[in-house]
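Shown next, in structure tokens, is the structure this report addresses.
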């Protein structure tokens, strides 16, 4: 037997058949029957019980080897024979065992006796072997007369317990050992079994004797009949008790990894505080069990046989003293929380009940409204299809409309550019004719120049005749606009216009009226407005209508031109304007309902988004700032739109674009159409030079008058910068300083007549006008009042002089 513990190892299972006649097998192997899984644990106990002080130490070094064998059929037969023999012996010894137990155990406590009667405690391996050896040796020790009385009683009690099939607990075994030690101390000799004595023979030189060296090989040697003393009662219970005591040692090696994984999962799911609480409770119950006399290392196989008082555990002691008032407060808080939860649940329940009732009513109402809603659904499906078709139709037609607009705009632009370039060319021709001899070009006149001079003089004569026919007597040369075109140009322009008109009529000829006319489109949306005004408002139809009507209105305004007398159409008198104005109007509609009408600003939105962009483009292409008639028409139209339509405000981007276009045209006219030559006094005495000089001054004054017509629409600062700084102070003041006082007075009088009246008021006029007023004051002092012409000129300057004083 080794002095060290052998490592555990997995031993291959082999089948073994127990037989009473198998004399060749090792006596240390014990065959135990298994009633559950046909497998048993075979312990290899020592065949001796040492009485030496080092005998137990030697035995402790080897825990024995555990085998798993399958149960054979022969072992089952042997078990049945042993059971019969056990029953016979039990009936014979029932009467004697009870008395023997009472006499041999006077020193045990009552609790231990109760547990010996009612339970089967579990022994560990070494204690069970010692108990077996003590029981075996007790038979031989009864024959010896040298054994003390105490030892005999104790060994008999253990033997009787073993025969009865009961396993003594650790306390009983420990008490027996103490009694045996006491016998030795008293000087009594405890005989050893013969086989144990042979182990420590004097002739044997080895201190440690192996079991195989002293095995009884003679057939005559008395053998321990394990089947009679142990296997009868013990084999039935030792299986279950040993498994519980050893904790299923053989299975631990196979299930070690599983148990480790389970422990890890338990540690993950259980907090440290919970483990500490369980440990504290376990320690408390262990202390309680020790106090009532229950051993800590024993297991109770049948708790019903233990006294009920011993298993009624008292409650855990409180960790700290609780203040009653604190407990009451916590209970009140808990009660308040529960009441609050109950209140919320009640409210939720009531709300749910109300919702159920409401939903039921809604369900009934929806069932009643189902036919109406189905009809409404079909209506909106049709309306959706109509709007989709309308948008697709307008997307196709807008391309054609834009091409037509480009054609008509090019027609207007070409005619305006022709007479503007012609006018500028006439000024250049006259300036070259009146230039000094040293600067005059030595180039003979070509036929084109001769023709231009003849045409210019002819146009002047025709304009003069027209004035005479109209009765206009007083006329200043340069105030009329040279906008005449030849008959050939007029016929060509008219032919092109007719072609464009014919093409415009074919744009919507393949389209129904509800897709091609303003009235047809408005009628379709008006029916929607009358059937469901709320959905009409939510769809923002009033904001979308101007864009839907845009392509058709642009086609209607294709030939509209406020700068041409033949094309100047009054928009408010057109049929489409009347249709838009009366859209959605009811006869019984009140003024209050009209204020809430979503389409009350439909016409202003159309004017802002359709007419103003058209007007801005025409202004850029066709407006001539030198033309008084065109300027008066444009200023009047813009003023009317601003005053009558509330959507056209200074914040409107369309109006801002129009004003910017007007300013650009003003600056262009000042830079390109104003030319005032500066001649010395001797040259001004010449008639042609003087007439040309006065004519150009008059053209500048005329342009100044057209520019200041925008006063009230444009900002005074912006208008003063263009009209006063760039035109009056730069060109006209220079001419006034070079001419005679009489001519200067006449020019000042013309300037004063075209300036806004508000600018000539005291302390109101712009600062840019101060230079002109100072020059007028100087001219007034130079005039001779004795001369009638100069005195008349001074009287005409009275308006300007009032602003100076």
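In our numbering, the protein residues as written are -11 to 793.
The C-beta atom is built at its ideal place from N, Cα and C for all residues, glycine as well.
Owing to the predicted nature of the structure, the values given are computational and were not obtained by experimental measurement.
Asked	Found
Backbone secondary structure at residue 699 - three-state DSSP	strand
Limits of the unbroken alpha helix (DSSP H) element including residue 390	312 to 421
6 Å Cβ shell around residue 541 - same chain, five flanking residues per side excluded	598
Whether residue 614 touches residue 661 by CB criterion (7 Å)	yes
For residue 354 and residue 342, the rounded distance between their alpha carbons	18 Å
Option in 368, 588 and 223 with minimal Cα separation from residue 71	223
Residue 622 burial status per 10 Å Cβ neighbour count (16 or more: buried)	buried
Nearest-angstrom Cα separation, counted from residue 741 out to residue 389	45 Å
Length of the line joining the Cα atoms of residue 710 and residue 665	21 Å
Candidates 755, 418, 401 and 667: closest to residue 707 by CA position	755
Span of the alpha helix (DSSP H) around residue 516	506 to 519
Same chain only: Cβ atoms within 6 Å of residue 484, ignoring 5 sequence neighbours per side	399
Beta-carbon contacts of residue 403 that lie in its chain and below 8 Å, excluding the five residues immediately before and after	473, 477 and 481
Nearest candidate by alpha-carbon position, reference residue 464, set 686, 415, 497 and 411	686
Range covered by the alpha helix (DSSP H) that runs through residue 599	It is not in any alpha helix (DSSP H) - residue 599 carries neither H nor E in the DSSP assignment.
Exposure label - residue 753; buried when at least 16 CB within 10 Å	buried
Where residue 736 falls, given that 16 or more other Cβ within 10 Å makes a residue buried	buried
Rounded Cβ spacing between residue 788 and residue 757 (contact assumed at less than 8 Å)	Between residue 757 and residue 788 the Cβ distance is about 10 Å, and since that is not below 8 Å, they are no contact.
Close beta carbons around residue 505, own chain, < 6 Å, minus the five adjacent residues each side	none
Short Cβ contact (7 Å threshold) for residue 567 with residue 507	yes
Residue nearest to residue 539 in terms of C-alpha spacing, selected from 386, 489 and 777	386
Of the residues 747, 680 and 66, the one placed nearest residue 416, counting alpha carbons only	680
Check whether residue 625 and residue 636 have beta carbons under 7 Å apart	no
Closest residue to residue 562 among 548, 639, 684 and 161 (Cα-Cα distance)	548
Member of 440, 466, 700 and 763 whose CA lies at the smallest distance from the CA of residue 848	This structure cannot settle anything about residue 848, because the visible part of the chain is limited to -11 through 793.
6 Å CB neighbourhood of residue 591 in its chain, flanking five on each side removed	568 and 569
Proximity below 7 Å, CB of residue 381 to CB of residue 503	yes
Three-state secondary structure (DSSP) of residue 616	helix
Check whether residue 716 and residue 654 have beta carbons under 7 Å apart	no
Proximity winner among 641, 576 and 727, relative to residue 672 (alpha-carbon distances)	727
Closest residue to residue 469 among 310, 336, 690 and 331 (Cα-Cα distance)	690
The alpha helix (DSSP H) enclosing residue 639, as first and last residue numbers	Looking at the DSSP string, residue 639 is not in any alpha helix (DSSP H), and its letter there is neither H nor E.
7 Å CB neighbourhood of residue 773 in its chain, flanking five on each side removed	779 and 782
Residue 624 in three-state terms, based on DSSP	helix
Residue from 698, 446 and 667 with nearest C-alpha to residue 646	698
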